[in-house]
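Student: Below you'll find the structure I mean.
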Amino acid sequence: MGLDGRIALVSGAARGIGRAIALALASDGADVGLIDIDAGAEETAAAVRGLHRRSCVVRADVSSAEEIAAGVATIVAELGSVDLLVNNAGIVNNIAPFAKMKQAAWEREIGVNLTGAFNLARAVIGPMAERGFGRIVNISSVAARGGLFNQAGYSATKAGLLGLTHTIALEYARFGVTCNAVLPGLIGTENVLGMPAEIREQAVAQTPARRLGRPEEIARLVAFLCGEDAGFINGAEIDISGGGHLNTMVLGSRKELSGGPPKA
Numbered sequence: 038m039g040l041d042g043r044i045a046l047v048s049g050a051a052r053g054i055g056r057a058i059a060l061a062l063a064s065d066g067a068d069v070g071l072i073d074i075d076a077g078a079e080e081t082a083a084a085v086r087g088l089h090r091r092s093c094v095v096r097a098d099v100s101s102a103e104e105i106a107a108g109v110a111t112i113v114a115e116l117g118s119v120d121l122l123v124n125n126a127g128i129v130n131n132i133a134p135f136a137k138m139k140q141a142a143w144e145r146e147i148g149v150n151l152t153g154a155f156n157l158a159r160a161v162i163g164p165m166a167e168r169g170f171g172r173i174v175n176i177s178s179v180a181a182r183g184g185l186f187n188q189a190g191y192s193a194t195k196a197g198l199l200g201l202t203h204t205i206a207l208e209y210a211r212f213g214v215t216c217n218a219v220l221p222g223l224i225g226t227e228n229v230l231g232m233p234a235e236i237r238e239q240a241v242a243q244t245p246a247r248r249l250g251r252p253e254e255i256a257r258l259v260a261f262l263c264g265e266d267a268g269f270i271n272g273a274e275i276d277i278s279g280g281g282h283l284n285t286m287v288l289g290s291r292k293e294l295s296g297g298p299p300k301a
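Going by the working numbering, the residue at position 54 of the sequence shown is 91; the numbering climbs one at a time, nothing skipped.
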């Protein structure tokens, strides 16, 4: 198994893509620490242990630098120094036309989706550089490039992750640390499956593959980027969208798209 002896840290691993990533890394031999505010992360940890790998869970808010510093210290004490970091934690529930987006909702999305990745990377990257090995994978989105209807906060934070990815890669490549971004398209997570059928079907129809992606497909790409064979891939933005990034995918209802400008 390609990740034997490695210690991974995955944020937002209670379900969906994060859970699939944690299990893929464990299947490849890594022990996996989990940081999440969702109690469901305990179930993911149990599944990791079922694969005969060690795991521990820290309940922490990724937007808090203090909570993350303490949480990473707990994971290091229990599992060992972190070799692989996957910044997956994110929120997608700030849905509103741009003019009606609440300030608090905007700031919360930045705090979780962007500052969270910054906090976690900063907490582990020093020891990675000292040991001459590290892998950081940031889960961005195709929305980082094309925007997303009624989700200015989500799109902006996912675009911000690309800038963070590039900068870490530039500064730390010489120390054996890689940092790459994965940009999923429409993936069959609980949130996506709970979308209004009209919007989901419209998005699938605009995807060349004509289907939703699977969380496991994202997970296998992430596991590859965490391995030895990906050591010369650095600062990359890798789309995994069934070709959906080649089109303009607008996740809005026909009524919204055909109407006039939204009112403030």
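Each residue gets a CB set at the ideal place from its N, CA and C atoms; glycine is no exception.
Could you check the C-alpha separation between Arg90 and Gln140 for me, to the nearest Å?
Tutor: Taking the sequence shown and counting its residues from 1, one reaches residue 90 at position 53. Taking the sequence shown and counting its residues from 1, one reaches residue 140 at position 103. Those two C-alpha atoms are separated by around 42 Å.
Student: Determine the extent of the beta strand (DSSP E) in which Pro221 is found, giving its start and end residues.
Tutor: If you number the sequence shown from 1, residue 221 lands on position 184. Counting along the chain, the beta strand (DSSP E) containing Pro221 begins and ends at 214-221.
Student: Go ahead and label Glu235 buried or exposed: buried means 16 or more other beta carbons lie within 10 angstroms of its beta carbon, across all protein chains shown.
Tutor: By 1-based counting over the sequence shown, the position of residue 235 is 198. Classification for Glu235: exposed.
Student: For Gly169, which residues from the same chain have a beta carbon less than 6 Å from its beta carbon, with the 5 sequence-adjacent residues on both sides left out?
Tutor: The residue given as residue 169 occupies position 132 in the sequence shown. Once the five neighbours on either side are set aside, the close Cβ partners of Gly169 are Gly213.
Student: If distances are taken between C-alpha atoms only, which option among Ser192, Glu80, Pro221 comes closest to Glu274?
Tutor: Position 237 of the sequence shown, counting from 1, holds the residue named residue 274. Of the listed residues, the one whose Cα sits closest to Glu274 is Pro221.
Student: Taking the alpha-carbon positions, what's the Asn228 to Glu104 distance?
Tutor: Residue numbering aside, residue 228 sits at position 191 when the sequence shown is read from its first letter. Residue numbering aside, residue 104 sits at position 67 when the sequence shown is read from its first letter. Approximately 26 Å between the Cα atoms of the pair.
Student: Just the C-alpha distance for Lys195 and Glu115, rounded to the nearest angstrom, thanks.
Tutor: Position 158 of the sequence shown, counted from the start, is the residue given in the question as residue 195. Position 78 of the sequence shown, counted from the start, is the residue given in the question as residue 115. One C-alpha to the other measures close to 31 Å.
Student: Taking Ile74 and Ala97 to be in contact with their CB atoms under 8 Å, please state how far apart those CB atoms are, rounded to whole angstroms.
Tutor: Along the sequence shown, read from residue 1 onward, the residue named residue 74 stands at position 37. Along the sequence shown, read from residue 1 onward, the residue named residue 97 stands at position 60. That belief holds up - the Cβ atoms of Ile74 and Ala97 are roughly 7 Å apart, short of 8 Å.
Student: Which complete alpha helix (DSSP H) runs does the segment 114-199 hold, if anything under 4 residues is left out?
Tutor: Listed in chain order, they are 140-147, 153-168, 180-183.
Student: Can you give me the start and stop residues for the beta strand (DSSP E) that Leu71 sits inside?
Tutor: Walking along the sequence shown from the start, residue 71 turns up at place 34. 68-73 is the extent of the beta strand (DSSP E) around Leu71.
Student: Can you tell me whether Thr204 is buried or exposed, with buried defined as 16 or more other CB within 10 angstroms of its CB?
Tutor: By 1-based counting over the sequence shown, the position of residue 204 is 167. So Thr204 counts as exposed.
Student: Which word fits Leu201, buried or exposed, when buried means at least 16 other C-beta atoms lie within 10 angstroms of its C-beta?
Tutor: By one-based count along the sequence shown, residue 201 stands at place 164. Buried, because 16 or more other Cβ atoms sit within 10 Å of the Cβ of Leu201.
Student: Tell me the DSSP secondary structure of Ile54 in three-state form.
Tutor: Position 17 of the sequence shown, counted from the start, is the residue given in the question as residue 54. Note: Ile54 maps to helix in three-state DSSP.
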